[in-house]
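Below is one structure; the comments refer to it alone.
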Amino acid sequence: MVREISLAEVRGLIGTKTGLSDWILVDQAMIDAFAHATNDHQFIHTDPARATTESSFGGTIAHGFLTLSLLSTMNYNALPKIREQTMGINYGFDKVRFMAPVKSGTRIRGHFVLADARFRGASMLMTTYEVSIEIENEKKPALTANWITIIQFDPKDRPEET
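What follows is the structure in structure tokens.
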């Protein structure tokens, strides 16, 4: 169960593992839907027979960007909820690396370490997470990245800085 914390507690979590998501099954239907949404129909993603015979993966694999985009849902079930938060904003990524393919039919989950948190202006807290996506029963992660997000809140809720 995801816990709830106050805005004042966030900075105290810097350097700690703040979340581990539930497993997500990446199946062919999900891969095909992503291919349709992005118009990326490369055979290694969408043609199981051809991917089995013509690629080194032994079947189809998820798009790297599909794997990356699943961090959003992993975030929702892994990271602490901040009571004062009114909105979350995806600010971007630094140093995204696709380390290993996610084969169709496998499960993945996200690991989150809060690397930094600093206030910006009266109503925003910028957070940086070191994230990795684990592939079930594999040693190498699917990806690693530094993910920057902004927590927006009412200025009256900003804690005093120590």
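Letter by letter, the sequence shown follows residues 1 to 162 of full-length UniProt numbering. For glycine and all other residues, C-beta sits at the position ideal for the given N, C-alpha and C.
Annotated three-state conformation of residue 42 is coil, per DSSP. Take the alpha-carbon of residue 127 and the one of residue 48: they are about 39 Å apart. In terms of Cα proximity to residue 149, the closest of 125, 11, 95 and 59 is 125. Assignment of beta-bridge partners to residue 94 by DSSP yields 146.
Between the C-alpha atoms of residue 122 and residue 85 there is a straight-line separation of about 13 Å. Under the criterion of beta carbons closer than 8 Å, residue 143 and residue 129 do not qualify as touching, at roughly 13 Å. Around the beta carbon of residue 105, fewer than 16 other beta carbons lie within 10 angstroms, which makes this residue exposed.
For residue 117, DSSP records a beta bridge to 127.
C-alpha of residue 36 to C-alpha of residue 66: approximately 12 Å in a straight line.
Residue pairing by DSSP places residue 87 opposite 152 in a beta bridge. Listed in chain order, the non-local C-beta contacts of residue 138 below 7 Å within the same chain comprise 100, local neighbours out to five positions each way being set aside. For residue 16, the secondary structure class from DSSP, reduced to helix, strand or coil, is coil.
In the three-state reduction of the DSSP assignment, residue 158 falls in the coil class. In the DSSP assignment, residue 68 falls within the unbroken alpha helix (DSSP H) covering 64–69.
For residue 50, the enclosing alpha helix (DSSP H) starts and ends at 48–54. If you ignore the 5 residues before and after residue 34, its C-beta comes within less than 7 Å of the C-beta of 63 and 66, all in its own chain and listed in chain order. For residue 134, the three-state secondary structure derived from DSSP is strand.
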